[in-house]
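A.B. asks: Just so we're aligned, residue 1 is where the sequence shown starts under the numbering used here, counting upward by one.
Note that the Cβ used here is the ideal one computed from N, Cα and C, for glycine as well.
Keep in mind it's a predicted model, so treat the numbers as computed, not measured.
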Amino acid sequence: MPFIADLHIHSKYSRATSREMSPESIWRWAQLKGITVIGTGDFTHPAWFAELREKLVPEENGLFSLHEDFRADDIPEACRARVYFLLSAEISCIYSKNGKTRKVHSVIFVRDLAGAARINAALSRIGNLQADGRPILGLDSKELLRIVIDSSDDAMLVPAHAWTPHFSVFGAASGFDSLEECFEELTDHIHAIETGLSSDPPMNWRLSALDGITLISNSDAHSPAKIGREANIFDTEVSYESIIEAIRTKKGFSGTIEFFPEEGKYHYDGHRACGVTLSPKETIKHDYLCPVCGRKVTVGVMHRVEKLADREDGFRPRGAPGFHSIIPLPEIIAETLKKGVNTKAVNEVYFNLLARLGSEFKILMDIPLKEIERAGSPLLREAVARMRSGDVHIAPGFDGEFGRISIFEEAERGEIKGQGTLF
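1. How about the segment 145 to 159 and the segment 105 to 113: do they share at least three Cβ pairs that are nearer than 8 Å?
2. Compute the Euclidean distance between the alpha carbons of CYS93 and LYS265, then round it to the nearest angstrom.
3. Have a look at VAL37, ILE9 and SER11 and flag the residue whose alpha-carbon is nearest the alpha-carbon of ASP235.
4. Buried or exposed: GLN419, going by 16 or more other Cβ atoms within 10 Å of its Cβ?
5. Tell me which residues share the same chain as LEU197 and place their Cβ nearer than 6 Å to its Cβ, disregarding the 5 neighbours each side in the sequence.
6. Under DSSP, the alpha helix (DSSP H) around LYS285 begins and ends at which residues?
7. Could you pull out every residue in the same chain whose Cβ sits closer than 6 Å to the Cβ of GLU401, ignoring the five residues on either side in sequence?
8. What are the boundary residues of the alpha helix (DSSP H) that ARG404 is part of?
9. Closer than 8 Å by C-beta to VAL346: which residues in its own chain qualify, once you throw out the five before and the five after it? Chain order, please.
10. When the Cα atoms are used, what is the spatial distance from THR101 to THR164?
11. Rounding to the nearest angstrom, what Cα-Cα distance links ARG80 and VAL57 in this structure?
12. Could you tell me whether the Cβ atoms of PHE315 and TRP205 are closer together than 8 Å?
13. Determine, using beta-carbon pairs with one atom in the segment 175 to 187 and one in the segment 284 to 292, whether at least three such pairs fall under 8 Å.
14. Could you give the uninterrupted runs of the beta strand (DSSP E) lying entirely in the segment 165 to 219, keeping only those of 3 residues or more?
15. Excluding the 5 residues preceding and the 5 following PHE167 in the sequence, name in chain order all residues of the same chain whose CB lies nearer than 6 Å to its CB.
16. Measure the C-alpha to C-alpha separation of VAL392 and ILE326 and round it to an integer number of angstroms.
17. In the DSSP output, which residue or residues are listed as bridge partners for TYR95?
18. The alpha helix (DSSP H) with ASN61 in it runs from where to where?
19. Considering only their Cβ atoms, is the gap separating HIS45 from GLN130 smaller than 8 Å?
20. To test your reading of the DSSP string, which unbroken alpha helix (DSSP H) runs of 4 or more residues are found completely within the segment 294 to 362?
21. Is it right to say GLY115 is buried, meaning 16 or more other beta carbons lie within 10 angstroms of its own, or is it exposed?
22. Compare the C-alpha of ALA320 against each of THR187, LYS251, ALA160 and ILE394 and name the closest.
23. Mind checking GLU54: buried by the 16 CB within 10 Å criterion, or exposed?
24. Quick one, which of LEU186, VAL297 and ARG82 has its alpha-carbon nearest ASP399's?
25. In this structure, does DSSP put GLY418 in helix, strand or coil?
26. Per DSSP, which residues does THR256 bridge with? Please list them.
27. Taking its Cβ as the centre, do 16 or more other Cβ atoms sit within 10 Å of VAL169, making it buried, or is it exposed?
28. Taking PRO201 as the reference, give the member of ARG125, VAL301 and ILE149 with the closest Cα.
29. What are the start and end residues of the beta strand (DSSP E) that includes PRO261?
30. Could you have a look at GLY390 and say whether DSSP puts it in helix, strand or coil?
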């Protein structure tokens with residue numbers, strides 16, 4: 001039975017993260033989104049680790065459930081489902097290697113609290129784990145991998161948001177040109193990379209070196225509503241062992257749910273201070289300098305992929321898992337209403353749709369369009385249909401600015417409303 005997993009999020013103890021990122025809130029929002037397995041995030045932080053010990057109950061499948069004393073009862077009936085937690089954490093490694101400062105983020109998965117405690121003990125001897133839910137350590141990524149694999153046979157390290165310019169294994173500013181350059185003799189223990197918001201599977205398929213690597217996607221959520229903006233689809237038993245084995249072998253890994261990568265905030269090159277967005281070709285034409293102020297531009301994900309790729313755009317490896325490109329439901333509703341995404345009007349429509357149709361992922365990917373129209377409007381039906389077909393308009397993100405995505409041109413919005421039952 002297929003299920004959805006979002007394995008990289010953050011707790012309230014990470015910087016720039018909502019205070020609502022508690023086990024109770026994460027459990028609630030996983031159901032609203034349609035997620036069966038959710039990462040805990042931040043198990044390296046002592047206070048969060050203590051909270052996980054208090055509020056989570058270990059299950060026989062190697063995952064955890066929320067203790068009944070902490071479960072809310074305000075979840076729409078149509079969204080209620082079993083949710084499991086998988087122990088996860090993100091580590092920021094900043095170190096010098098081969099004459100260059102490296103800044104690489106990695107996500108760690110571990111089966112049980114004892115394994116997490118062993119990792120925490122090893123890392124606490126290197127840096128301060130209390131300072132941030134995502135600790136910054138002066139530790140070579142290869143040595144972090146060694147600590148993880150020494151902690152448990154079934155623990156796993158995955159390079160996080162692998163193409164982000166400043167903090168990733170392939171990042172233009174501080175990364176490497178290959179996994180082997182980063183992890184050396186331990187590279188065989190790297191079975192997956194996280195593609196990040198600014199890249200998608202087709203971009204990664206252009207590198208033959210990644211053919212044996214599973215491309216996973218996660219939300220990296222810092223607030224409850226952002227959970228599931230990217231996620232993974234598994235067709236296995238719901239268990240830690242099955243999830244890890246699927247990531248290692250691709251068997252039972254059905255694909256990912258993706259941002260449109262242009263919407264990611266590092267897709268294109270550019271200079272945010274001057275409002276300059278550049279394609280890779282334009283960046284080269286300007287000698288990597290901002291045409292307004294003359295300073296170096298931030299080289300984005302698309303440019304970095306172009307540099308490392310050994311295949312043309314459009315190549316797909318045989319047997320590669322599929323993917324779905326989505327727009328979060330609140331953003332779609334906001335466009336149909338011409339309201340801000342965080343307004344009361346959008347929130348009311350969102351929860352009404354969940355109550356009538358089920359979880360957000362069901363609405364975005366599975367619910368028949370006729371049912372969406374009956375529960376919402378002809379405009380909402382058309383918006384979801386266009387998202388499903390990829391018929392959207394995007395101004396690419398750059399240098400830390402998210403891209404701007406839209407579905408309708410202004411003139412056609414009124415035409416669709418006027419057609420009534422035609423949609």
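C.D. replies: On the basis of the supplied data:
1. yes
2. 22 Å
3. VAL37
4. Because the pLDDT of GLN419 is 48, which lies under 50, any placement of that residue in the model is unreliable, and the question is left without a value.
5. PHE259 and GLY264
6. 280 to 285
7. LYS265 and ARG272
8. Run containing ARG404: none in the alpha helix (DSSP H); it sits in the beta strand (DSSP E), 404 to 406.
9. PRO330, ILE333, ALA334, LEU337, LYS339 and GLY340
10. 15 Å
11. 19 Å
12. yes
13. no
14. 192 to 194 and 214 to 216
15. LYS103 and HIS105
16. 10 Å
17. ARG102
18. Here ASN61 belongs to no alpha helix (DSSP H), and DSSP marks it neither H nor E.
19. yes
20. 301 to 308, 329 to 337 and 344 to 357
21. buried
22. LYS251
23. exposed
24. VAL297
25. Here GLY418 scores only 49 on pLDDT, less than 50, and its place in the model should not be relied on; the value that follows carries that caveat. The answer is helix: DSSP assigns GLY418 an H, G or I state.
26. ASN232 and PHE323
27. buried
28. VAL301
29. PRO261 -> no beta strand (DSSP E), and no H or E assigned at all.
30. coil
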